[in-house]
């Protein structure tokens, strides 16, 4: 478990980044403004080498731990192999850690250092600020996902993704959903340090109930029915089906609708509750 804490760069560096971004975005297109914001965020992220290292190492360590812990006998009758369950679960871990947990601390750090407030005085819009801040974390998660898929096909005996369009749809849904949930969670997070606590509920719910560690196929039917309604479950169903090609059409429809419903709820919460000013 990790959350990338960028506040270690200090108020001066984050303030400088805000000034540079505001100057660069003046009179530009949406693409240009997002690019400027993304570059500023990459600079801040790169300065926190410990957090970057942990973000890269932790998902790989957890995938290996899952692979060594899962027993094939537990998965009998599900159509899943140990490698398939562990590596598709690893994609979910990457999304939660690199996107959700990283972004909660990033949004809080930018808010408390007045970066968000200063950016709003320029040409950049509110959605662009939120999206631009998320770009490095999203890029990191997608890069790690590519590594997992390549490693799974090259070294773990898994086939190439059976339905790439579903895998991409699951990743896109996961990125949008977890970015919105991160922004919503930041509204109830006072400091970067407390973000490690406010992100724990979704982290543990997803790990145990959304098919990351324990596939829903091995759960009792009543428990599986409840877990299908969790935020990340729909994302995992699309990702797992896209790579391994197992679920039917009705399962995919439920998964997509569940993910979209949670995304809509998270976006609504951000519109109503997101804080741009420091919590004093």
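Numbering (the numbering used here), first residue to last: 1012 to 1291. Glycine residues also receive a C-beta, built at the ideal position from the N, C-alpha and C atoms. Predicted, not measured: the structure shown is a model, and the values here were computed from it.
Within the same chain, show all residues whose beta-carbon is closer than 6 Å to that of residue i, passing over the 5 residues directly before and after it, in chain order.
i, result
"residue 1183", "none"
"residue 1145", "1114 and 1190"
"residue 1125", "none"
"residue 1150", "none"
"residue 1247", "1103, 1221 and 1222"
"residue 1280", "1195"
"residue 1284", "1198"
"residue 1167", "1094"
Pick helix, strand or coil for residue i, following the three-state DSSP scheme.
i, result
"residue 1034", "Only weak support exists for where residue 1034 lies, its pLDDT of 49 falling under 50; the value from the coordinates is given anyway. Helix at residue 1034."
"residue 1285", "coil"
"residue 1136", "coil"
"residue 1230", "coil"
"residue 1243", "coil"
"residue 1224", "coil"
"residue 1256", "coil"
"residue 1269", "helix"
"residue 1040", "coil"
"residue 1129", "helix"
"residue 1058", "helix"
"residue 1275", "helix"
"residue 1290", "coil"
"residue 1052", "helix"
Considering only residues of the same chain and omitting the five flanking positions on each side of residue i, which have a CB-CB separation below 8 Å?
i, result
"residue 1253", "1172, 1173, 1174, 1175, 1176, 1177, 1178, 1179, 1180 and 1181"
"residue 1262", "1248 and 1252"
In chain order, what residues of the same chain lie with their CB nearer than 7 Å to the CB of residue i, ignoring the 5 residues before and after it?
i, result
"residue 1216", "1241"
"residue 1147", "1049, 1052, 1053 and 1056"
"residue 1210", "1014, 1111, 1112, 1115 and 1196"
"residue 1070", "1101, 1104, 1105, 1108 and 1155"
"residue 1095", "1169 and 1255"
"residue 1206", "1014, 1115, 1116, 1119 and 1200"
"residue 1234", "none"
"residue 1128", "1287 and 1288"
"residue 1225", "1219"
Below 8 Å on the Cβ atoms is my guess for residue i versus residue j; work out the distance and round it to an integer in Å.
i, j, result
"residue 1118", "residue 1194", "6 Å"
"residue 1274", "residue 1188", "5 Å"
"residue 1286", "residue 1122", "6 Å"
"residue 1152", "residue 1186", "7 Å"
"residue 1266", "residue 1249", "6 Å"
"residue 1227", "residue 1213", "That belief does not hold up - the Cβ atoms of residue 1227 and residue 1213 are roughly 17 Å apart, past 8 Å."
"residue 1251", "residue 1099", "5 Å"
"residue 1143", "residue 1045", "5 Å"
Within 7 Å (strictly less), CB to CB, does residue i reach chain D?
i, result
"residue 1133", "This model lacks chain D altogether; it includes just one protein chain."
Continuous alpha helix (DSSP H) assignments of at least 4 residues falling wholly in the region 1168-1211: 1175-1197 and 1206-1209
Contact between the region 1234-1241 and the region 1139-1157 (3+ Cβ pairs under 8 Å): no
Inter-stretch contact at 8 Å, needing at least 3 Cβ pairs: the region 1221-1240 / the region 1131-1144: no
Uninterrupted alpha helix (DSSP H) stretches inside the region 1088-1124 (no shorter than 4 residues): 1093-1105 and 1113-1123
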